[in-house]
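Colleague:
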Amino acid sequence: MLLVENLTKKFKDVTAVNNISFKVESGKIFGLLGPNGAGKTTAIRTTLNIIKPTSGKITFENKPITDEFFNAIGYLPEERGLYKKSKVIDVIIYFARLKNLSYNDAVKQADIWLNKLEINNLRHKKIDELSKGNQQKIQFIIAVLHNPKLLILDEPFSGFDPINQQLIKDILLSFVSSGKIIMLCTHQMDTAEKLCNDIFFINNGKEVCSGSLADIKKNFGKNHIKIEFDGGGEFLESNPAVLHIDAYSNYAEIELKEKIQPYDFLKSIVEKVKVKHFSVIEPTLNKIFIDVIKQTN
Amino acid sequence: MKKTLIVGKWEYIEKVKTKTFLISLFLTPAIIILFAVLPTLLANQIETTTKAIGIIDTSGIYFRELREKVSQYKLEDNQPNYVLVNLAGANKNIGEIKNSSDELVLLGKLEGYLLILNGGTDSLKAEFCDKNTANFRDIDNFTNALNNVRADLILTKEGVSPSIIKSISDKIKINPIKIEKGNTESKSDFLVIFFSSFVFIILLMMMILSSGGMLIRSLVEEKSNRLIEILISSCTPDELLMGKVFGLSSLGLTQVIIWSLVGISLAGAGVIPIEVFNNLVPIFIYFLFGFVFYSAIFVGIGSIVTSEQEAQQITSYLSLVLVLPVALTLPAIENPDSLLVHILSLVPFTAPSIMILRFNIGPIPGWEVILSAVIMIISIYFVVFVSAKIFRIGILSYGKKPSLREIINWLKSE
């Protein structure tokens, strides 16, 4: 278990991370979510002991994070890049060796992972001959090759096409079942919604909202409906039962006022528009994210 | 320690494979040799053909004597170096003779001609006219010959006996001899000092610049693509720093060893004097001092720099500092005992170059060597310490280049 308590990091006059606490348990994916510049990356860097926190306590399996944990940590930074002029296989082996793998193990694992990510044919190419997506696969391999107990991934899906996103998702889910502690940092809410069990929203360096995905949704999921229709839905906005609406040309997500029953609302609109689909929904993480961040701003 | 070695090995292998390294390995000595040897070779080019030189002697008394004196200059195959042609026609005025002689030179019939103008009983004026201005060796030969002839003539006229004249005109040549320990004497040759000092100093400078440049570029790359974060979550900054310096030093060592082998084989082939390698061990030690000292500075500076342009700017400032000892080489050879040279032997920035130079010029007092070496070692320790501190924070600061005050604050932080 990774436990972060009262973490604060100040840079001169800017407080990048302000007194946040969370825990990341094994067998679950922990999502650290927030808009750009919220303090996610600083939180990660202090957690990893790359930079020293101004105050706060970070423990991994009940011990403070020190140099001895180097080999148990896998980290994929948000900004990507590798030694451009070097060969794929050389770069992978170098980083595996830095994580204390023997040369033979490094070669063996490199083989396994290059095959798993379907890029074994590129092993002798130079990094800068690779496409952006493939470079990213190499970085992913570097983060996971040494079988780390703690895996911290900053925007692991950006730059991948849907097929490769699925590939990475499957691998992450397999890590969950093998008991790794995984921290995922992203602003792609749909991915976070599918993968994360625990969520931590951060904005302006402060905690905004946290808990299990199910709890968060329950708290926010007051009275949301989704409706598909033919024809104009302009009248929906002026309906007195509507508290908030995300309207598109023939689709809308609506938050109803507290006392309105969804069924009564349906009855009130069927005569005005041809309803094709009507359902009561939990709010998407995307919606929660936007609401939560807007509130705090 | 293990990770230091892994980093060092990676830096070494990845850089040995680069074109920059290969270029600096082969091109640097080639350029130095070209610049150092070519002018000397050209100037000392051994002549193989006899030259036809015209003589216009308005006094009419020098030609015969001059021909005799000049006949002493021989080519390697014992052929005469010059054949003299008397151009002074009986009934022509000097202007006409000059015109026709100029024509002969331009046509290539004559290499040049010597014009001896008799302005009065004792005053004599001479000009050497040539297609190219002045081959200094020819001029030297003719100046000597003409002066000797003139002195002979004057002395003979005063009734001095020919044997005395001969003993006066035999010049004494002073040979420079360097005294070394164990009463051995060796010829101190300008060329030897030049080779063993100047070339070593330039090699040191070029090596520091090329590998320091490589180091800064790789640091900038690691910073700009955040590889540094993966590295720092795999090993400590100190391990990374030591690994880099270690890899770079091995790289430098590889260059020196290859260059030494080339140098020794050149010496074996007689191309460069073997005396160049007399002081190889102390020179080698100071070479390493200089290299490690400057490498550590480069690491510290490299960790502050955030872009390729900045890196180039800073490298060019540093190269100015590095050029200083090279500029001081000649004055120091001429005056190895000046106070300035003694002071520069103790300043860590110049000590390696100046000491390399002084080892070749002559014995250095033991205390001075020890003092200089101790200062060097302390300075290296200090620079590594400071660089490591800057490195630890600098590698993680992005964007704006830190101000001097910020860097000083980094140094104060624990």
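Those sequence lines, one after another, are chains A and B. Numbers 2 to 298, taken from this note's numbering, label the letters of the first sequence in order. Numbers 1311 to 1724, taken from this note's numbering, label the letters of the second sequence in order. Ideal Cβ positions, reconstructed from N, Cα and C, are used throughout, including at glycine.
#1: For M1517/B and Q1565/B, I'd like the C-alpha separation in whole angstroms.
#2: Using three-state DSSP, classify S159/A as helix, strand or coil.
#3: Taking the alpha helix (DSSP H) that K1312/B falls in, what are its first and last residues?
#4: Find the residues of chain B that neighbour K81/A, judging by a C-beta separation of less than 9 Å, and give them in chain order.
#5: Do A17/A and G35/A have their C-beta atoms closer together than 8 Å?
#6: Does the separation of the CB atoms of P54/A and L3/A fall below 8 Å?
#7: Looking at C-beta atoms only, is the number of pairs between the region 1455 to 1471 of chain B and the region 1548 to 1555 of chain B that lie closer than 8 Å three or more?
#8: Can you tell me whether V1657/B is helix, strand or coil according to DSSP?
#9: If we ignore side chains and look at the alpha-carbon of each, how far apart do I203/A and S250/A end up?
#10: What's the C-alpha gap between L214/A and D199/A?
#11: Taking the CB atoms as reference points, tell me whether D68/A and T1660/B lie closer together than 8 Å.
#12: Select from the region 1693 to 1706 of chain B all residues with a C-beta closer than 8 Å to any C-beta belonging to chain A, and list them in chain order.
#13: Once DSSP output is grouped into helix, strand and coil, what is the label at G1553/B?
#14: Who are V281/A's beta bridge partners in DSSP?
#15: Using 10 angstroms around the beta-carbon of A1698/B, count the other beta-carbons present and answer buried if the total reaches 16, otherwise exposed.
#16: Answer yes if the region 269 to 282 of chain A comes into contact with the region 226 to 246 of chain A, meaning at least three C-beta pairs across the two stretches below 8 Å, and no otherwise.
#17: Between the beta-carbon of D91/A and the beta-carbon of G134/A, is there less than 8 Å?
#18: Tell me the DSSP secondary structure of E1378/B in three-state form.
#19: Between I21/A and V5/A, how many whole angstroms is the CB-CB distance? I'm expecting something under 8 Å.
#20: Report yes or no: is there a C-beta of chain A within less than 8 Å of the C-beta of T1546/B?
#21: Identify, in the order they occur along the chain, each residue of the same chain with its Cβ nearer than 6 Å to the Cβ of F23/A, setting aside the five sequence neighbours on each side.
#22: State yes or no: is the C-beta of L77/A within less than 8 Å of the C-beta of D129/A?
#23: In the DSSP assignment, find the unbroken alpha helix (DSSP H) run with M184/A in it and report its ends.
#24: In whole angstroms, give me the CA-to-CA distance for L1634/B and K85/A.
#25: Taking the C-alpha atoms as reference points, what is the distance between V1591/B and F1597/B?
#26: For A1637/B, count the other beta carbons within 10 Å of its own beta carbon; 16 or more makes it buried, fewer makes it exposed. Which is it?
#27: Tell me which residues of the region 1666 to 1687 of chain B have at least one Cβ-Cβ distance to chain A shorter than 7 Å, keeping chain order.
#28: Find the residues of chain A that neighbour I1526/B, judging by a C-beta separation of less than 9 Å, and give them in chain order.
#29: Give the secondary structure of A1683/B by DSSP, where H, G and I count as helix, E and B as strand, and everything else as coil.
#30: Enumerate, from N- to C-terminal direction, the unbroken alpha helix (DSSP H) stretches of 4 or more residues contained entirely within the region 232 to 295 of chain A.
#31: Pick helix, strand or coil for L214/A, following the three-state DSSP scheme.
#32: Indicate whether at least one CB of chain B lies closer than 8 Å to the CB of Y104/A.
#33: Check whether the Cβ atoms of T42/A and E79/A lie closer than 8 Å to each other.
#34: Alpha carbon to alpha carbon, what distance is there between K1313/B and R1527/B?
#35: With a threshold of 8 Å, are at least 3 pairs of Cβ atoms found where one atom belongs to the region 177 to 194 of chain A and the other to the region 141 to 155 of chain A?
#36: By how many angstroms is the C-alpha of K1419/B removed from the C-alpha of I1574/B?
Modeller: With the given structure in hand:
#1: Residue mapping note: residue 1517/B aligns to position 207 of the second sequence, counting from 1. Residue mapping note: residue 1565/B aligns to position 255 of the second sequence, counting from 1. So the two alpha carbons sit approximately 8 Å from each other.
#2: Start at 1 with the first residue of the first sequence, and residue 159/A comes out as number 158. Note: S159/A maps to coil in three-state DSSP.
#3: The residue labelled residue 1312/B in the question sits at position 2 within the second sequence. Element bounds for K1312/B: K1312 to V1326.
#4: Position 80 of the first sequence, counted from the first residue, corresponds to residue 81/A. The amino acid occupying residue 81/A in the given sequence is Arg; Lys does not appear at that position. Within chain B, the residues near R81/A are N1535 and R1536.
#5: By 1-based counting over the first sequence, the position of residue 17/A is 16. By 1-based counting over the first sequence, the position of residue 35/A is 34. No; because the gap between Cβ atoms is not below 8 Å, this pair is not in contact.
#6: Within the first sequence, numbered from 1, the residue matching residue 54/A stands at position 53. Within the first sequence, numbered from 1, the residue matching residue 3/A stands at position 2. Cβ atoms of P54/A and L3/A: not closer than 8 Å.
#7: no
#8: As a first step, residue 1657/B is located in the second sequence; it is residue number 347 there, counting from the start. DSSP places V1657/B in coil when its eight states are reduced to three.
#9: Taking the first residue of the first sequence as 1, we reach residue 203/A at position 202. Taking the first residue of the first sequence as 1, we reach residue 250/A at position 249. The straight-line gap from Cα to Cα measures roughly 33 Å.
#10: Taking the first sequence and counting its residues from 1, one reaches residue 214/A at position 213. Taking the first sequence and counting its residues from 1, one reaches residue 199/A at position 198. Each residue's alpha carbon lies about 5 Å from the other.
#11: The residue you call residue 68/A lines up with position 67 of the first sequence. The residue you call residue 1660/B lines up with position 350 of the second sequence. No.
#12: L1706
#13: As a working mapping, residue 1553/B is identified with position 243 in the second sequence. In the structure shown, G1553/B sits in a helix (DSSP, three-state: H, G or I).
#14: Reading the first sequence from its first residue, position 280 is the one you call residue 281/A. DSSP, once it has assigned bridges, lists I226/A as partnering V281/A.
#15: In the second sequence, residue 1698/B corresponds to position 388, counting from 1. Classification for A1698/B: buried.
#16: yes
#17: Along the first sequence, read from residue 1 onward, the residue named residue 91/A stands at position 90. Along the first sequence, read from residue 1 onward, the residue named residue 134/A stands at position 133. In this structure, G134/A does not lie closer than 8 Å to D91/A by Cβ.
#18: Numbered from 1 along the second sequence, position 68 holds the residue referred to as residue 1378/B. Helix at E1378/B.
#19: Position 20 of the first sequence holds residue 21/A. Position 4 of the first sequence holds residue 5/A. About 7 Å; that satisfies the 8 Å criterion.
#20: Against the second sequence, residue 1546/B aligns to sequence position 236. Yes, contact with chain A.
#21: As a working mapping, residue 23/A is identified with position 22 in the first sequence. Excluding sequence neighbours, F23/A sits near V5 and F201.
#22: Within the first sequence, the letter at position 76 stands for residue 77/A. Within the first sequence, the letter at position 128 stands for residue 129/A. No; because the gap between Cβ atoms is not below 8 Å, this pair is not in contact.
#23: Position 183 of the first sequence, counted from the start, is the residue given in the question as residue 184/A. Taken as a continuous stretch (DSSP letters only), M184/A belongs to no alpha helix (DSSP H), being part of the beta strand (DSSP E) at I182 to T187.
#24: Position 324 of the second sequence, counted from the start, is the residue given in the question as residue 1634/B. Position 84 of the first sequence, counted from the start, is the residue given in the question as residue 85/A. The alpha-carbon atoms of L1634/B and K85/A are separated by roughly 36 Å.
#25: Residue mapping note: residue 1591/B aligns to position 281 of the second sequence, counting from 1. Residue mapping note: residue 1597/B aligns to position 287 of the second sequence, counting from 1. If you take the alpha carbons of V1591/B and F1597/B, they lie about 10 Å apart.
#26: Along the second sequence, read from residue 1 onward, the residue named residue 1637/B stands at position 327. A1637/B comes out exposed.
#27: none
#28: Within the second sequence, residue 1526/B is the residue found at index 216, counting from 1. Ordered by position in chain A, no residue passes the 9 Å Cβ test against I1526/B, which lies about 15 Å from the chain.
#29: The residue you call residue 1683/B lines up with position 373 of the second sequence. Looking at A1683/B - three-state DSSP - the assignment turns out to be helix.
#30: 236 to 239 and 263 to 270
#31: The count along the first sequence starts at 1 and reaches residue 214/A at position 213. In the structure shown, L214/A sits in a helix (DSSP, three-state: H, G or I).
#32: For the purposes of this step, residue 104/A is taken as residue 103 along the first sequence, with counting starting at 1. Cβ-Cβ to chain B under 8 Å: no for Y104/A.
#33: As a working mapping, residue 42/A is identified with position 41 in the first sequence. As a working mapping, residue 79/A is identified with position 78 in the first sequence. For T42/A and E79/A, yes; Cβs fall inside 8 Å.
#34: Taking the first residue of the second sequence as 1, we reach residue 1527/B at position 217. Taking the first residue of the second sequence as 1, we reach residue 1313/B at position 3. Spanning the two alpha carbons is a distance of roughly 22 Å.
#35: yes
#36: Within the second sequence, residue 1574/B is the residue found at index 264, counting from 1. Within the second sequence, residue 1419/B is the residue found at index 109, counting from 1. Taking the straight line joining both Cα atoms gives about 46 Å.
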